Amino acid sequence: MRALALLCVLCALGGSIAAIVVGGAGAAERSPAPPDGARLVAQIDHYRAVTWRWQRLTGTPITHTARSARLSPDLAYRRWVLSLWRHRAKRAEQRARPWLAAQVRGFQATVRHWQQVMGIAAGPTRETAGVKSELATYRIWKSRAAAIVRRAQHPPYAAALGCIHRYEGSWTDPGAPYYGGLQMDIAFQAHYGGYLLRTKGTADHWTPLEQMWVAARAARSGRGFYPWPNSARVCGLI
Numbered sequence: 210m211r212a213l214a215l216l217c218v219l220c221a222l223g224g225s226i227a228a229i230v231v232g233g234a235g236a237a238e239r240s241p242a243p244p245d246g247a248r249l250v251a252q253i254d255h256y257r258a259v260t261w262r263w264q265r266l267t268g269t270p271i272t273h274t275a276r277s278a279r280l281s282p283d284l285a286y287r288r289w290v291l292s293l294w295r296h297r298a299k300r301a302e303q304r305a306r307p308w309l310a311a312q313v314r315g316f317q318a319t320v321r322h323w324q325q326v327m328g329i330a331a332g333p334t335r336e337t338a339g340v341k342s343e344l345a346t347y348r349i350w351k352s353r354a355a356a357i358v359r360r361a362q363h364p365p366y367a368a369a370l371g372c373i374h375r376y377e378g379s380w381t382d383p384g385a386p387y388y389g390g391l392q393m394d395i396a397f398q399a400h401y402g403g404y405l406l407r408t409k410g411t412a413d414h415w416t417p418l419e420q421m422w423v424a425a426r427a428a429r430s431g432r433g434f435y436p437w438p439n440s441a442r443v444c445g446l447i
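My numbering puts the first residue of the sequence shown at 210, with every later residue one more than the last.
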């Protein structure tokens, strides 16, 4: 009986020791929380980065820093610096909002302009009203504007129209009754480039790309290059 009792005591002691060892190992695996000073420095770094991100985006001067809070052990001072950078970040974001709105309006105008010039149906545009962030809306419209401008750089029949232009007038030729580098008359401009005629005047006020897009729309409509019979023949197009 004594041997059995001794065995029970030893088993109990072994279990206790194992629990202590396992508990100690688990505690060692858990990383300790950073001290208050380190947390404050991390928060300061975050709000400083936010401030600079807004300033870089809007092209405003960057707020300089001596990073003194990182060197100072004074927690009260670090809290004061944190409050300062939090305020700066909020102010930078508030100042950026009207800038973002103006940029979005500009991108939207660019998209609408080239849709009209290129004869692209606007169609149902993906809404951005549900986008929570003004920055996200800015990025969406910036991407759309960049995409349509890239597309506008490559009008259809560019090489053929470039050849025709060599035998026509200057891109800024204002001499009536034919205008611009592809010598379009008013009826031609009104039919294929009415938007530009209304908003910018006759073809001599349009950019070369705009003139080529209007001419390409005529060619695509079935007229081909016959509006320029002499130049097109020289270029081997008809």
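Cβ coordinates follow ideal geometry from the N, Cα and C atoms, glycine included.
Note that the structure is predicted; figures quoted are calculated from it, not measured.
- For the pair residue 425 and residue 366, the CB atoms are nearer than the 8 Å cut-off.
- Each residue's CA atom was taken as its position, placing residue 387 and residue 397 some 10 Å apart.
- Taking C-beta atoms as the reference points, residue 313 and residue 350 count as a pair closer than 8 Å.
- Contact between residue 260 and residue 301 holds: their C-beta atoms lie close to 5 Å from each other, under 8 Å.
- Comparing C-alpha distances from residue 304 to each of 269, 281, 353, 328 shows the shortest one belongs to 269.
- For residue 319, the uninterrupted alpha helix (DSSP H) run begins and ends at 284 to 327, by DSSP.
- Taking all protein chains shown into account, residue 363 has fewer than 16 neighbouring C-beta atoms within 10 Å of its C-beta and is therefore exposed.
- Under DSSP, residue 393 forms a beta bridge with 388.
- The shortest C-alpha to C-alpha distance from residue 348 to any of 308, 379, 393, 360 is the one to 308.
- Here residue 372 carries a helix assignment [DSSP, helix/strand/coil].
- For residue 419, the enclosing alpha helix (DSSP H) starts and ends at 417 to 427.
- For the pair residue 446 and residue 432, the Cα-to-Cα distance works out to about 12 Å.
- By the Cβ-count criterion, residue 248 is exposed, with fewer than 16 other Cβ atoms from all chains shown falling within 10 Å of its own Cβ.
- Looking from the CA of residue 378, the closest CA among 297, 294, 290, 392 belongs to 392.
- For residue 349, the three-state secondary structure derived from DSSP is helix.
- In the three-state reduction of the DSSP assignment, residue 431 falls in the helix class.
- Nearest Cα to residue 297 within the set 420, 254, 418, 372: 254.
- Taking 8 Å as the cut-off, the Cβ atoms of residue 320 and residue 404 do not count as close.
- Residue 382 carries a coil assignment under DSSP once its states are collapsed to helix, strand and coil.
- Per the coordinates, the alpha-carbon of residue 418 lies some 31 Å from the alpha-carbon of residue 344.
- Straight-line measurement puts the Cα of residue 265 at about 53 Å from the Cα of residue 443.
- Note that the C-beta distance between residue 316 and residue 354 is below 8 Å.
- Scanning its chain for C-beta atoms nearer than 6 Å, with the 5 sequence neighbours on each side dropped, one finds around residue 287 the residues 249, 278, in chain order.
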